[in-house]
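For what it's worth, numbering that gives the first Met the number 0 labels the leading residue of the sequence shown as 0, then goes sequentially. We put the beta carbon where it would ideally sit given N, CA and C, even for glycine.
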Amino acid sequence: MFAASPPRPAHLALASGSPRRLALLQQIGLEPDALLPADLDETPGRNESPRKLAARLALEKARAGAHVARARENLSPCFVVAADTVVCVGRRILPKCETVEQAEDCLRLLSGRAHRVYTGVTVIDPHDRDRSRLVETRLRFKRLSSRDIEAYLAGREWMGKAGGYAIQGAAGGFVVQLVGSYTAVVGLPLYETRALLDGLGFPAHDLRAVGAAV
C-alpha cells in the first residue's frame with residue numbers, strides 16, 4: 000500500500016490591489032500568497048443603501064478572486080479575503096474620488112459633521128463556502144477651514160479614497176470622534192477578518208509569526 004499524501008498547505012489570497020489592505024493583513028502576521036484585485040462596476044444599484052452596497056461589493060470581489068484562484072494550481076487550496084468600504088452622509092454615498100473637484104466637494108460636505116463608514120468583508124474557503132461581516136463606524140470631522148482643505152488636497156492622499164480622505168494619513172487630524180473600528184475605516188476590519196478566517200478553518204499554523212517588537 001502507498002502512504003496517503005499529506006494534505007496540501009492552505010494558501011491565502013487578498014482580492015484587492017490596495018496597499019493599505021495588504022499592510023493591515025501583514026500587521027496581524029498574514030502574508031497573502033497572491034493579490035487578486037477584481038475589476039468591478041462599483042456603481043450603487045437603484046435605491047441601494049450604503050450598508051448593502053459595502054456588503055455586496057465585498058462578496059462580489061471575493062467571488063471574483065476565488066474564481067481566479069481556482070484556476071491557478073499554485074494557489075490550491077485557497078482562502079480568499081475581500082473587503083469594500085463605503086463612506087456616507089445619511090443615505091448619500093460619497094464617491095471614491097478621482098478628481099480634485101470630487102475630493103473638495105466631499106471634504107466640504109464632511110466638514111464639521113458626522114458621517115458613517117461601512118466596511119464589508121468576505122472570506123471564501125477552498126470549498127467555496129463564504130462568510131461575511133459588515134462593520135459600521137461613526138465619525139465626526141472638525142470644521143475644516145479653506146486652508147485645511149487646500150493643504151489636504153495638495154497632498155493628494157485623497158486619490159481613489161472613498162469620501163475623499165485617508166484616515167491613516169493627514170486626515171487623521173480632522174477626526175474629532177470615532178466610534179467603531181479604526182482598521183475598518185482604513186479598509187479592512189482586522190478583528191472581523193481574523194474571526195471569519197478562524198470560523199472557516201484557516202489553519203492556525205498559517206498565521207505567520209509577527210516580528211517581535213524591539
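Check	Outcome
Pick helix, strand or coil for A211, following the three-state DSSP scheme.	In this predicted model, A211 has a pLDDT of only 35, less than 50, meaning its place in the structure is not dependable; the value taken from the coordinates is given anyway. A211 falls in the coil class under three-state DSSP.
Please state the DSSP three-state secondary structure of G119.	strand
Taking the C-alpha atoms as reference points, what is the distance between A169 and L56?	27 Å
Under 8 Å, with one C-beta from each stretch per pair, do the stretch 95-102 and the stretch 132-145 reach the 3-pair mark?	no
Which first and last residues belong to the alpha helix (DSSP H) in which H66 is found?	49-69
Just to check, is the beta-carbon of S180 closer than 7 Å to a non-hydrogen atom of the ligand ADP?	For the structure depicted, the ligand ADP is absent and the ligand set is empty, with no information on it obtainable.
Give me the residue from F140, L138, T121, R45 with the minimum Cα distance to S131.	T121
If I'm right that S15 touches L29 with Cβ under 8 Å, what's the distance once you round it to whole angstroms?	S15 to L29, Cβ: 13 Å. No contact.
Which runs of the alpha helix (DSSP H) spanning at least 4 residues fall entirely within the stretch 134-204, listed in chain order?	145-154, 181-185, 189-198
Within the chosen definition, does the stretch 112-127 reach the stretch 78-95 through at least 3 CB pairs nearer than 8 Å?	yes
Is L23 buried or exposed, if buried means 16 or more other CB atoms sit within 10 Å of its CB?	buried
Pull up the CB-CB distance for Y117 and R50, whole angstroms please, since I reckon it's below 8 Å.	5 Å
Ordered along the chain, which non-local residues of its own chain (more than five positions away) have a Cβ less than 7 Å from that of S17?	G186
V213 to Y190, Cα distance in whole Å?	The predicted position of V213 is uncertain, since its pLDDT is 29 and thus under 50; a value taken from the coordinates is nonetheless stated next. For V213 and Y190, the distance between alpha carbons rounds to 24 Å.
Report the residue from E135, L93, G171, W157 whose alpha carbon sits nearest the alpha carbon of P43.	L93
Among all the DSSP beta bridges, which residues are the ones paired with T84?	T118
In chain order, what residues of the same chain lie with their CB nearer than 7 Å to the CB of L195, ignoring the 5 residues before and after it?	V120, V122, R130, R132
Quick one: residues in its chain with C-beta nearer than 8 Å to the C-beta of L58, no 5 flanking neighbours on either side, listed in chain order?	A81, G119, T121, D129, S131
Please state the DSSP three-state secondary structure of R20.	helix
For the putative contact between A9 and F201, defined by C-beta atoms under 8 Å, what is the C-beta separation to the nearest angstrom?	6 Å
Note down, in chain order, each residue of its chain lying with its Cβ closer than 6 Å to the Cβ of A165, except the 5 sequence neighbours on either side.	E156
Grouping DSSP H, G and I as helix and E and B as strand, with all else coil, what is R107?	helix
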